[in-house]
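First up is the structure itself, then whatever we jot down about it.
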Amino acid sequence: MDKETRDMLLETAGRFFTERCDRAVVNNVEKGVWPADLWKEIEEMGLPLIAVAEDKGGVGGTLADMLALLRLAGEHAVPVPLAETALSNLLIGAAGGTPKPGPATLALGDLKLSGNRLSGKVARVPFATVVQRFVVVVDRTLVVVPASGARVESTPSHAGEPYGQVSFDNATVEFSGASAVSAERAFELAALMRSMQMAGAGDRILATAAEYSKQRVQFGKPISTFQAIQHMLAELASCVAATIASAEAASRDADEGGLEAGGRFSIAAAKSQCSDFAHRIAAISHQSMGAMGFTHEHILHHYTRRLWVWRRDFGSESFWGEKIGAAYAKAGPDMLWEGLSASRYPT
Amino acid sequence: MSIPKLEFPPFHLPPEAEALRLDVRAFLKDIVPKIKTEDRFASWNTASPEFSRALGKKGWIGITWPKQYGGSEKSFLERYVVTEELLGNGAPAGAHWVADRQSGPLLLRFGSEEQRQAILPRITAGECFFSIGMSEPDSGSDLASVRTRAEPVPGGFRVNGTKVWTSGAHRNHYCITLVRTSGQHGDRHKGLSQLLVDLKTPGVTIRPIINLAGRHDWNEVTFNDAFIPESCLIGNEGDGWLQVTSELAFERSGPERFMQNFYVLRELVRVLGRNPSGRAASILGRLIARLWTLRQMSVAVAGMMQGGKSPAIEAALVKDLGTIYQQDLPEVARVIAESDATTDDDMADFLDIAQYATMMAPSYTIQGGTTQVLRGIVARGLGLR
Ligand SMILES: Cc1cc2nc3c(=O)[nH]c(=O)nc-3n(C[C@H](O)[C@H](O)[C@H](O)COP(=O)(O)OP(=O)(O)OC[C@H]3O[C@@H](n4cnc5c(N)ncnc54)[C@H](O)[C@@H]3O)c2cc1C
Numbered sequence: 007m008d009k010e011t012r013d014m015l016l017e018t019a020g021r022f023f024t025e026r027c028d029r030a031v032v033n034n035v036e037k038g039v040w041p042a043d044l045w046k047e048i049e050e051m052g053l054p055l056i057a058v059a060e061d062k063g064g065v066g067g068t069l070a071d072m073l074a075l076l077r078l079a080g081e082h083a084v085p086v087p088l089a090e091t092a093l094s095n096l097l098i099g100a101a102g103g104t105p106k107p108g109p110a111t112l113a114l115g116d117l118k119l120s121g122n123r124l125s126g127k128v129a130r131v132p133f134a135t136v137v138q139r140f141v142v143v144v145d146r147t148l149v150v151v152p153a154s155g156a157r158v159e160s161t162p163s164h165a166g167e168p169y170g171q172v173s174f175d176n177a178t179v180e181f182s183g184a185s186a187v188s189a190e191r192a193f194e195l196a197a198l199m200r201s202m203q204m205a206g207a208g209d210r211i212l213a214t215a216a217e218y219s220k221q222r223v224q225f226g227k228p229i230s231t232f233q234a235i236q237h238m239l240a241e242l243a244s245c246v247a248a249t250i251a252s253a254e255a256a257s258r259d260a261d262e263g264g265l266e267a268g269g270r271f272s273i274a275a276a277k278s279q280c281s282d283f284a285h286r287i288a289a290i291s292h293q294s295m296g297a298m299g300f301t302h303e304h305i306l307h308h309y310t311r312r313l314w315v316w317r318r319d320f321g322s323e324s325f326w327g328e329k330i331g332a333a334y335a336k337a338g339p340d341m342l343w344e345g346l347s348a349s350r351y352p353t
Numbered sequence: 176m177s178i179p180k181l182e183f184p185p186f187h188l189p190p191e192a193e194a195l196r197l198d199v200r201a202f203l204k205d206i207v208p209k210i211k212t213e214d215r216f217a218s219w220n221t222a223s224p225e226f227s228r229a230l231g232k233k234g235w236i237g238i239t240w241p242k243q244y245g246g247s248e249k250s251f252l253e254r255y256v257v258t259e260e261l262l263g264n265g266a267p268a269g270a271h272w273v274a275d276r277q278s279g280p281l282l283l284r285f286g287s288e289e290q291r292q293a294i295l296p297r298i299t300a301g302e303c304f305f306s307i308g309m310s311e312p313d314s315g316s317d318l319a320s321v322r323t324r325a326e327p328v329p330g331g332f333r334v335n336g337t338k339v340w341t342s343g344a345h346r347n348h349y350c351i352t353l354v355r356t357s358g359q360h361g362d363r364h365k366g367l368s369q370l371l372v373d374l375k376t377p378g379v380t381i382r383p384i385i386n387l388a389g390r391h392d393w394n395e396v397t398f399n400d401a402f403i404p405e406s407c408l409i410g411n412e413g414d415g416w417l418q419v420t421s422e423l424a425f426e427r428s429g430p431e432r433f434m435q436n437f438y439v440l441r442e443l444v445r446v447l448g449r450n451p452s453g454r455a456a457s458i459l460g461r462l463i464a465r466l467w468t469l470r471q472m473s474v475a476v477a478g479m480m481q482g483g484k485s486p487a488i489e490a491a492l493v494k495d496l497g498t499i500y501q502q503d504l505p506e507v508a509r510v511i512a513e514s515d516a517t518t519d520d521d522m523a524d525f526l527d528i529a530q531y532a533t534m535m536a537p538s539y540t541i542q543g544g545t546t547q548v549l550r551g552i553v554a555r556g557l558g559l560r
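Protein sequences, first through last, are from chains F and C. Counting with our numbering, you get residues 7 to 353 for the letters of the first sequence. Counting with our numbering, you get residues 176 to 560 for the letters of the second sequence.
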């Protein structure tokens with residue numbers, strides 16, 4: 007979609023998220039209440055189909071359009087699987103399928119497909135207990151399994167989102183097609199999606215902490231006037247900046263390089279970086295807000311807890327760091343700058 | 176929300192810049208291996224007039240300046256690529272560095288035609304090197320408090336005072352010197368001017384100040400009734416502060432803010448060998464990811480500047496994060512090398528290199544605006560002060 011259309015869509019979505027994803031909604035999801043109305047409205051806006059072609063009933067946006075929307079969703083802690091469904095639908099569309107309505111998620115792991123039957127187990131699947139279908143890539147085949155075909159054990163994430171362990175035992179697939187991406191690539195795209203959500207969460211954390219510092223008065227003045235607080239928030243800004251810059255650069259590279267293999271190194275580097283800085287972002291923002299930020303009452307934890315979960319989803323900094331480090335070590339010191347300056351794994 | 180949003184729009188260096196990269200690389204491939212190993216590691220701190228002349232011959236100093244002054248009228252983004260290639264390949268770029276980044280552009284912007292014609296072609300030829308005379312014994316972060324006095328006398332100024340930490344003054348030709356030309360010490364930003372001081376001027380004395388790594392980079396430069404001709408005043412009398420602040424903001428976020436000790440990372444790759452443990456690979460990969468991120472940020476800022484914006488907060492953030500990265504790098508690298516190096520031979524060399532890098536590390540977060548000064552700038556940008 008052109009820039010104007012994208013900006014308009016983001017503005018509309020932003021306003022919608024502000025109105026509809028308030029503290030109560032996010033807290034209720036943590037208590038196990040599925041916000042059916044919210045999901046319905048999100049579907050009516052077409053958001054889960056943002057990166058699905060128009061002839062398949064989608065919005066016709068690109069991967070980059072989808073990722074921009076997900077950064078915004080991260081900024082509002084949207085407590086439904088918008089990211090997971092949007093990416094699932096993109097992959098279903100690219101595999102020749104037509105996405106059905108309803109929330110979906112990606113179950114990526116060590117799975118076996120024989121004929122039309124899927125077997126295996128995946129831990130920590132986001133929104134596993136509330137979705138209607140699971141999207142799986144095995145080798146170069148994409149399959150969709152209805153929720154009824156899987157056994158799901160609830161293992162809520164530390165951010166209170168309905169994650170779960172999903173087992174398939176000779177499950178019948180409802181759709182199967184030639185996947186446009188490998189299983190490894192699906193995992194990369196999921197990591198990229200999380201990086202953009204983390205960028206959004208970072209935006210919100212910085213704004214929240216900075217705003218709070220201007221309101222909170224101690225010793226007769228706003229705490230923002232204390233140099234210690236100013237410097238903490240400046241450091242927070244630098245960590246958020248790195249998160250945003252790495253996620254945005256990876257999104258651009260993935261989009262420009264094509265769905266199948268674009269931005270492979272950039273995605274790895276961005277997820278490593280975003281995960282790495284989650285700790286400082288959470289630590290500084292909490293410190294700057296004192297006890298208030300540590301309460302369940304305040305919204306700060308909607309974002310910091312998500313960062314702590316998202317940094318582990320689809321590869322932590324250890325995972326992606328090892329991939330990058332192993333590739334660069336193998337290529338040797340003389341390839342370091344060449345690879346880095348071209349945003350590529352060295353060859 | 177009233178907090179300004181940070182933006183780092185991804186930016187591609189244009190094809191002509193990428194083409195130039197290959198030329199610079201090919202040029203360095205022949206030259207760099209002939210440079211002594213220690214000098215390669217010191218890169219930005221190693222002054223090699225010979226190297227700078229060779230680079231000047233290629234037209235890669237003052238690359239953005241008008242042709243009439245020896246420049247190549249190329250874009251700021253091409254300059255960016257030259258800078259990062261010099262750093263990435265460990266070229267000894269210390270001699271011309273200040274003139275290329277700071278002094279030349281200052282003269283272009285504020286200098287007289289006579290000054291430009293006399294100096295700029297010599298800079299681009301790699302034959303004329305500059306120092307910065309800002310800091311004084313009592314003026315560091317609080318630069319507006321400088322005391323060096325230039326008293327107007329017939330035909331020029333009589334200068335008295337002391338500058339310190341003047342990098343390279345012992346080998347450079349000129350020092351752009353911030354002085355008080357009118358008013359009183361307490362007048363702060365008013366009454367300051369900048370002078371183009373020939374370091375051979377009678378009454379100018381240069382004494383070494385040795386840094387903790389044992390290197391002689393710094394000097395104390397004293398002015399004792401030194402006569403500086405009026406033709407050496409840069410811009411208008413009293414505009415010194417305006418000039419200095421625009422100079423400092425210039426290129427706060429360039430590659431030299433995160434690649435000065437790039438060699439540590441390269442040598443770490445060497446000692447870890449081709450097949451490191453998972454733990455070592457992971458730590459190496461995270462260091463690479465962080466450097467890649469800094470580069471994306473820096474390129475994004477360059478793109479915004481090329482687009483006519485002035486991303487002051489973003490630039491300060493790059494410098495803050497980048498200099499801290501440079502400070503962390505030798506530590507993280509040494510620790511993982513000590514547990515995971517695969518060859519004893521390379522390891523002995525590596526520990527030397529890491530030790531040297533460790534000794535240089537404190538300087539990164541001080542020079543050109545301390546971490547605290549940068550954070551003050553960011554806090555102001557966030558609307559906190
Ligand atoms: C390697 C190197 C090369 C240099 N080369 C040159 C050169 O060529 N020419 C030149 O003119 N100068 C040069 N400098 C000097 C440099 O510009 C100064 O060191 C720098 O501006 C800081 O001043 P200072 O060292 O006097 O520290 P000070 O300003 O005395 O600072 C001491 C400490 O106090 C903190 N501080 C100061 N003010 C504040 C504040 N308002 N709020 C909070 N904290 C504050 C600082 O952050 C620092 O931690 C060089 C420095 C280094 C390290």
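Where is the CB? At the ideal position from N, CA and C, for every residue including glycine.
- For W343 of chain F, the CB stays at least 6 Å from every heavy atom of ligand 1.
- Setting aside the 5 residues that flank it on each side, P451 of chain C is surrounded in the same chain by L459, D515, T517, each with a C-beta closer than 8 Å to its C-beta; the list follows chain order.
- Comparing C-alpha distances from D317 of chain C to each of C:M434, C:V419, C:G330 shows the shortest one belongs to C:V419.
- In the assembly as shown, V199 of chain C is a buried residue. Its beta-carbon has 16 or more other beta-carbons within 10 Å.
- In this structure, the alpha-carbon of L417 of chain C lies about 19 Å from that of V273 of chain C.
- When 9 Å is used as the limit between beta carbons, P267 of chain C is near no residue of chain F, the shortest such separation being about 16 Å.
- Interface criterion not met: the Cβ of V207 of chain C is under 7 Å from no Cβ in chain F.
- In the structure shown, the three-state DSSP call for K375 of chain C is coil.
- In this structure G366 of chain C does not touch N399 of chain C by the C-beta definition: roughly 22 Å separates them, more than the 8 Å allowed.
- In the assembly as shown, Q243 of chain C is an exposed residue. Its beta-carbon has fewer than 16 other beta-carbons within 10 Å.
- Listed along chain F, the residues sitting closer than 7 Å to K180 of chain C by beta-carbon distance are D209.
- The closest heavy atom of ligand 1 lies less than 6 Å from the beta carbon of I541 of chain C.
- Here the distance from the Cβ of Q547 of chain C to the nearest heavy atom of ligand 1 is below 6 Å.
- For S125 of chain F, the enclosing beta strand (DSSP E) starts and ends at 123 to 131.
- The beta-bridge partner set that DSSP reports for L117 of chain F consists of F:G126.
- Judged by DSSP secondary structure, K209 of chain C falls outside any alpha helix (DSSP H); it is assigned neither H nor E.
- Following the DSSP letters along the chain, one finds C350 of chain C inside the beta strand (DSSP E) bounded by residues 349 to 355.
- The beta-carbon distance between A101 of chain F and L69 of chain F, rounded to whole angstroms, is 15 Å. This is too long to meet the 8 Å contact definition.
- Secondary structure of W235 of chain C (DSSP, three-state): coil.
- The three-state secondary structure of R333 of chain C, taken from DSSP, is strand.
- Distance from the C-beta of M534 of chain C to the nearest heavy atom of ligand 1 is not below 6 Å.
- In the structure shown, the three-state DSSP call for G183 of chain F is strand.
- Beta-carbon to beta-carbon, R427 of chain C and E241 of chain F are separated by about 17 Å, too far to satisfy the 8 Å threshold.
- In the structure shown, I178 of chain C adopts coil according to DSSP, grouped into three states.
- Contacts with chain C (Cβ-Cβ distance below 7 Å) from the stretch 247 to 266 of chain F involve A247, A248, I250, A251, S252, E254, A255, R258, listed in chain order.
- Cα atoms of L53 of chain F and R291 of chain C: separation of roughly 58 Å, rounded to the nearest angstrom.
- One finds Q236, H237, L239, A240, E241, A243, S244 in chain F with Cβ atoms closer than 9 Å to the Cβ of V553 of chain C, taken in chain order.
- If you check the CB distance, V339 of chain C and E395 of chain C come in under 7 Å.
- In this structure, I238 of chain C and R254 of chain C form a Cβ contact; the two beta carbons are roughly 5 Å apart against a cut-off of 8 Å.
- DSSP places I307 of chain C in the uninterrupted beta strand (DSSP E) bounded by 305 to 308.
- Look at F186 of chain C here: in three-state DSSP terms it is coil, with no helix or strand label.
- Judged by beta-carbon spacing, R461 of chain C lies within the 7 Å limit of G327 of chain F, meaning their Cβ atoms are closer than that value.
- About 6 Å separates the Cβ atoms of V141 of chain F and V150 of chain F, confirming a contact at the 8 Å cut-off.
- Of all residues in the stretch 447 to 469 of chain C, the ones placed with a Cβ closer than 9 Å to any Cβ belonging to chain F are L447, G448, R449, N450, P451, G453, R454, A455, A456, S457, I458, L459, G460, R461, L462, I463, A464, R465, L466, W467, T468, L469, in chain order.
- The alpha-carbon separation between I98 of chain F and R123 of chain F amounts to approximately 18 Å.
- The criterion of a C-beta distance shorter than 7 Å is not satisfied by A464 of chain C and V476 of chain C.
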